[in-house]
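Q: With our numbering applied, the sequence shown covers 44 to 334.
Just passing along the structure, written as structure tokens.
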Amino acid sequence: MVNTMTLATPEPSGLNVKTSINPLIGDVCGDDVTLHPGDTSFPVIHTENLNLWFGEAHILQNICMAIRQNRVTALIGPSGCGKSTLLRCFNRMNDLIDHTKITGEVTYDRENIYAPGTDVVLLRKKIGMVFQKPNPFPKSIYENVAYGPRVHGIRERCELDRIVEKSLRDAALWEEVRDRLSQSAMGLSGGQQQRLCIARTLAVGPEVILMDEPCSALDPIATAKIENLIEGLKQRYTVIIVTHNMQQAARVSDDTGFMYLGKLIEFGATTQIFEHPGEELTENYITGRFG
């Protein structure tokens with residue numbers, strides 16, 4: 044991988060963050076603006092002039108955004124606009140793709156995650172990911188959840204038992220599987236498998252959870268359970284979700300970013316984006332004039 048991420052000093056804590064001239068537009072960076080009046084928290088994740096190429100293809104262009112703590116942020120936009128690629132930038136999953144070039148800055152907890160010497164394993168522990176298709180390990184339900192803690196050095200059975208139960212409870216799955224923890228995870232329904240994957244992510248103690256279209260392969264009932272779960276998760280975690288479902292974005296998120304052709308066209312409170320979008324392109328997309 045070719046990585047040319049430039050090093051920069053993150054902005055100090057406070058109300059103002061470097062973002063777009065218009066706090067709802069994410070394409071032009073460099074001016075101090077107040078994203079959310081009354082919010083004095085520093086963004087947990089902040090991007091500044093983020094660009095990404097796969098080979099010669101310029102996939103992300105000058106992305107500037109601030110993700111606030113303990114909120115759900117939705118990334119919306121047509122297929123191929125760069126939503127999932129942006130999501131994978133937040134825990135360096137794009138490192139696994141050959142011929143990737145990145146410039147700009149992504150900070151997590153005020154640290155540049157692309158700085159030399161970054162512990163990527165620790166980063167991915169703190170910023171976990173749930174993928175589009177449920178991907179449980181071909182192991183028991185218990186071992187799926189205990190796997191991560193074991194990798195990170197936890198060996199005591201009583202502690203593993205505690206983590207497994209807590210993670211399954213937090214993923215709203217414990218009552219459904221408590222009597223069959225030794226059974227294969229492959230026997231669970233699709234919705235249960237996805238909640239198991241969420242429990243597996245929670246088991247290593249993340250602070251941020253990335254979700255790449257987590258409901259796209261699920262039926263409406265399973266989708267509703269995941270959405271209810273997301274609402275509860277934000278009490279303890281910061282959640283960033285990619286979705287093609289406009290109704291889902293409106294239901295579950297506090298903030299929304301609309302992307303188009305690799306650019307962050309508009310970013311702000313979900314109610315503002317859906318009820319009073321500042322860009323005609325955003326309005327055309329959320330009203331179904333193109334997709």
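Think of the CB as a built atom: it goes at the ideal place given N, C-alpha and C, for glycine as much as any other residue.
Bear in mind the structure is a predicted one, so any value in this text is a computation, not a measurement.
Over what stretch of residues does the beta strand (DSSP E) that includes K306 continue unbroken?
A: K306 to A312
Q: Based on the DSSP secondary-structure assignment, which residues constitute the bridge partners of W96?
A: H101 and K144
Q: Sort F85, R200, V173 and M229 by Cα distance to A214 and report the nearest one.
A: Closest by alpha carbon: V173.
Q: With DSSP as the reference, identify every bridge partner of F301, one or two as the case may be.
A: Bridge partners of F301: I119 and E309.
Q: Quick check on Q290: does DSSP put it in helix, strand or coil?
A: helix
Q: Spatial neighbours of P249 within its chain, please: CB distance less than 7 Å, with the 5 preceding and 5 following residues excluded, ordered by chain position.
A: Around P249, the same chain offers K168, K169, I170, G171 and Y280 as residues with beta carbons nearer than 7 Å, after the five sequence neighbours per side are excluded.
Q: Looking at the structure shown, is V45 part of a helix, part of a strand, or coil, going by DSSP?
A: Residue placement at V45 is poorly supported in this model, since its pLDDT is 44, which falls under 50; the coordinates still yield a value, given next. In this structure, V45 counts as coil in the three-state DSSP scheme.
Q: Figure out for me which residue from T90, H89, T116 and D222 has the closest Cα to the Cα of I273.
A: T116
Q: Suppose contacts are defined by Cβ-Cβ distances below 9 Å. Is V207 in contact with A189 by that definition?
A: yes
Q: Under the rule that 16 or more other beta-carbon atoms within 10 Å means buried, what is A100, buried or exposed?
A: So A100 counts as exposed.
Q: Just to confirm, is the Cβ distance from L129 to M302 under 9 Å?
A: yes
Q: Can you give me the Cβ contacts of K176 inside the same chain, cut-off strictly under 6 Å, excluding the 5 residues immediately before and after it?
A: A260
Q: D70 by DSSP, collapsed to three states: which one?
A: Residue placement at D70 cannot be trusted, given a pLDDT of 40 that sits under 50; what the coordinates show is reported in the next sentence. Correct three-state label for D70: coil.
Q: On the three-state DSSP scale, how would you describe V220?
A: Of the three classes helix, strand and coil, the one that applies to V220 here is helix, per DSSP.
Q: Work out the CA separation of M136 and P181 for me, nearest whole Å.
A: 23 Å
Q: The beta strand (DSSP E) that contains I284, what's its start and end?
A: In this chain, the beta strand (DSSP E) harbouring I284 covers T281 to V285.
Q: Would you call the stretch 230–240 and the stretch 257–271 touching, i.e. three or more CB-CB distances under 8 Å?
A: yes
Q: Which one or two residues does DSSP pair with V149 in a beta bridge?
A: DSSP lists T90 as partners of V149.
Q: If we ignore side chains and look at the alpha-carbon of each, how far apart do G125 and C201 end up?
A: 43 Å
Q: Cα separation between T299 and T325?
A: 11 Å
Q: Under 7 Å Cβ to Cβ from I106, same chain only, skipping five residues before and after it: list those, please.
A: G69, T90, L93, L129 and L307
Q: From R221 to E256, what does the alpha carbon distance come to, in whole angstroms?
A: 27 Å
Q: Per DSSP, what are the beta-bridge partners of D255 in this structure?
A: Residue pairing by DSSP puts D255 in a beta bridge opposite V285.
Q: When the Cα atoms are used, what is the spatial distance from Q104 to V194?
A: 36 Å
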